[in-house]
Amino acid sequence: MTDGATEGFTVRLTNFTGPFDLLLQLISKHKLDVTEVALSTVTDEFIAYIRAMGEGWDLDEASEFLVIAATLLDLKAARLLPAATVEDEEDLALLEARDLLFARLLQYKAFKEAAAHISGLEAAGARRWPRLVSLEPHYAAALPELVLTISPQRLAALAVKAMTPKVAPTVSVDHIHQVRVSVREHAGILRDRLRALQVATFRTLCADCQNTLEVVARFLALLELYREGLISFVQAEALGELTVRWSGGDGAVELRVDEYAGTPAETAADADGQE
Amino acid sequence: MDEHRSLADELAGWAPPPGRPRPETDQVAQAQPAVEVVPAVEPESAAVAEPSAAVAEPVGPLDDAELTAALESILLVVDEPVADDKLAEVLDEPLERVVFALVELSARYTAAGSGIDLRRAAGGWRLYTRPEYADYVQRFVLDGQQSRLTQAALEALAVVAYKQPVTRSRISAIRGVNCDGVTRTLVTRGLIEECGSEPDSGAYLYRTTPLFLEKLGLDSVDQLPQLAPFLPDNVEEIADA
Amino acid sequence: MDEHRSLADELAGWAPPPGRPRPETDQVAQAQPAVEVVPAVEPESAAVAEPSAAVAEPVGPLDDAELTAALESILLVVDEPVADDKLAEVLDEPLERVVFALVELSARYTAAGSGIDLRRAAGGWRLYTRPEYADYVQRFVLDGQQSRLTQAALEALAVVAYKQPVTRSRISAIRGVNCDGVTRTLVTRGLIEECGSEPDSGAYLYRTTPLFLEKLGLDSVDQLPQLAPFLPDNVEEIADA
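Quick look at the structure:
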């Protein structure tokens, strides 16, 4: 995946295999247990890592990171408020979202530990080779004679069938040269679009993106809009379609979006200072 | 690992007969020199003939030493773990006797520090090199070594191992990332396979293969540690909600 | 046959030590439990490690028991007879010592009436089934043998025919399933054969044999139909017809 620091802020990314893995790594880096405090502690870092990912996103990955980032931001915001008793539906929904996140995180953690066990077995197995040699000639000669009635044409057809890709080929975006994009600009696009549509899926919102970097920019822009309380997210199932709902009202909305590192505009310089 | 230890337990107090005389075996050897000759004078006739007809009937029941030796010979030609009941059938011996002979043979190899290791894997028996000598063996195994699995592939494999049969979307949901690519890799490597589809969604279901068990040195997936201790009780319900 | 007798001559008057104690071997086994123990505290580091880096260099010279065990391990996986000087080179031991160990091992197998027979053949050493048990091995080999190829084997054969020379992992990648088993079947049936190995990976390459051409009634692989006329649209129908 991504390594090292990108300009603007310094983060050291180890390999992580998904949003839960990243969360767990961040939590363990702080030597914390999986608690609400831990989640709150790592929220900013989680989002920083997402920013640093830059290239290398695909839409499916992005939506899950986005949902988790949104939940984390919610939880962090709630902690900043004076502790209140659970009285309205919003609090309840937040608690549910938190429990679901904990549950999925712990479930993932269990499988990660199981994977470590399997890795150990695999390592031990790699030092063991099975007997696998050709049959001694006199046994091979005793095999019943092979009946092979296939025609060359059918063999050719079988070859074509075997060589026809079974899944839709994925288009690599690696070769696309890097374009500089502005998160602020994309936030503006999304604001206008969402105000008109009220509700749209993440996929729809990114339908006109020319490259991965633009998807990432839209993704970060959504986080910014979310942070401003202008939108909310709905996702029926994990990795399912992510729906974005406008909650900023009908009036004109001024965006306070800081630019990120690597933005073409001169505003990029102060990107790392934002909180 | 565990079954290895239990194997040893089973055999505790059992004394292998390292050097007992076996006149019968030698007699048999002298009586059947023709078998040594590589045939192939008329390979067609042998090939066309009914399999069973080509095979001479064995001469009476096997004594313990002969049974063990016959098992060793057969194990030398198997190219995948072979079930004990298949061995019993081919040798026309009671299953318990064959199993006992296999367990004893495995323990004898281990006790003698042999470079050959007879192991139970994926529901069968097969000869393996002993890990202590991997460094030497490696230089003779010319066939390209398969690269080790990535962390992502291991995680997906763990989900399949514990949740099988399971759909790709369920694997993805647990890992929080799309798993289509790693699932494909695991299928190509022969570690998991499709096994029908989910009635409601029509999505393919996946399970682990015997090769998975063999590569991991497991007899069955039941030997994997329980997942439960890692998990709070209600996680499944919450996550599925 | 001849070298078999000469082996016997060589060994005449040589007393095999069937049951001698080997404390060294047991110590070695106990000193290296890590190989068997499931570690995996930091799976990433293990998974990322270079295969060769993971291999510890052997610790000093081998004692007699270790040398014999190492030879057993190597001989278990070699398909072609392996020359004693190659074994000596890999084990970094004097040729005489290795030859002596091989001769002794062969004699020990024979004296113990093992079903495994270590013989010198074609200028090298290889493990064979002991002729006395050929009937059982043959019964096992013929059990369940089919005279027709499965659909999977036919498809793999088609891939080899058009992609040769090709590695097993490439066949698997093209077909999207593990093809190690069917590849072996095709080799056993003489339809494909090894033809060297890929320089980078060391993986064996396979090509079709003259028998394959004969069975298809072709003079050369150039006579196979061109693939171009088949459009992906109707591939399924034609192939499944």
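Chains as they are written, first to last, in the UniProt record's numbering: chain A, 1 to 275; chain B, 1 to 241; chain C, 1 to 241.
Cβ atoms here follow ideal geometry from the backbone N, Cα and C, with glycine treated the same way.
Check, Outcome
"Alpha-carbon spacing of C:V103 relative to B:L127, whole angstroms", "22 Å"
"Reduced DSSP category for A:T201 - H, G, I as helix; E, B as strand; rest coil", "strand"
"Segments assigned beta strand (DSSP E), at least 3 residues, entirely inside the stretch 141 to 181 of chain C", "none"
"When C:P225, C:L105, C:D64 are compared against C:R120, the one with the closest alpha-carbon", "C:L105"
"Local conformation of A:Q235 per DSSP, three classes", "strand"
"9 Å Cβ cutoff met for B:A122 and B:L191", "no"
"Nearest residue (CA-CA) to residue 257 of chain C, options A:P152, A:H186, A:L158", "The displayed coordinates of chain C run from 1 to 241. Any statement about residue 257 of chain C would go beyond what the structure contains."
"A:V244 in three-state terms, based on DSSP", "strand"
"Alpha-carbon spacing of C:S52 relative to A:L72, whole angstroms", "For C:S52, the predicted structure reports a pLDDT of 40, less than 50, and the residue's modelled location is therefore unreliable. A value from the coordinates is still provided. Those two C-alpha atoms are separated by around 43 Å."
"Chain C within 9 Å of B:A56, Cβ atoms only", "The pLDDT assigned to B:A56 is 47, lower than 50, so where the model puts this residue is not dependable, and the model offers no usable value."
"Beta-carbon neighbours of residue 262 of chain B, restricted to chain C and to distances below 7 Å", "Lying before the first or after the last residue shown, residue 262 of chain B is absent from chain B, which here runs from 1 to 241."
"Whole-number beta carbon distance between B:P94 and B:W125, since they are thought to touch under 8 Å", "About 16 Å separates the two Cβ atoms, so there is no contact after all."
"Complete runs of the alpha helix (DSSP H) confined to the stretch 53 to 98 of chain B [at least 4 residues]", "64 to 77, 84 to 91"
"Residues sharing a beta bridge with C:L127, DSSP", "C:L118"
"Same chain, Cβ closer than 8 Å to residue 244 of chain B, five either side skipped, listed in chain order", "Any question about residue 244 of chain B goes unanswered here, given that chain B covers just 1 to 241."
"Beta carbon proximity, B:R207 to chain A, threshold 9 Å", "no"
"Assumed close pair residue 245 of chain C, C:A153 - CB separation to whole angstroms, cut-off 8 Å", "Here chain C covers residues 1 to 241 and nothing more, so residue 245 of chain C does not appear."
"Helix, strand or coil at B:T183 [DSSP, three-state]", "helix"
"Per DSSP, the bridge partner or partners of A:P130", "B:Y128"
"Environment of C:Q146 [buried if 16+ CB atoms lie within 10 Å]", "exposed"
"Same chain, Cβ closer than 7 Å to C:A83, neighbours up to 5 away in sequence not counted", "G123, G124"
"Extent of the continuous beta strand (DSSP E) run through C:L205", "204 to 208"
"Rounded C-alpha distance that separates A:R191 from A:L242", "17 Å"
"Within 9 Å, strictly: CB atoms of A:I189 and A:R227", "no"
"Closer than 9 Å to chain A by CB, C:R168", "no"
"Identity of the residues DSSP links to B:S197 by a beta bridge", "B:Y204"
"CB contact flag (A:A69, A:L223, <9 Å)", "yes"
"Paired residues, beta bridge with C:V103 - DSSP", "C:V103 is not bridged to any residue."
"C-beta neighbour in chain A for C:E132, strict 9 Å", "no"
"Sequence-distant residues of the same chain with beta carbon closer than 6 Å to A:T201, five excluded per side", "E241, T243"
"Same chain, Cβ closer than 6 Å to B:L67, five either side skipped, listed in chain order", "A101"
"Reduced DSSP category for C:I192 - H, G, I as helix; E, B as strand; rest coil", "strand"
"Contact the stretch 154 to 172 of chain B vs the stretch 102 to 115 of chain A: 3+ CB pairs below 8 Å", "yes"
"Cβ contact check for the stretch 167 to 178 of chain B and the stretch 17 to 36 of chain A: 3 or more pairs under 8 Å", "yes"
"Distance CB(B:G202)-CB(C:A69) smaller than 9 Å", "no"
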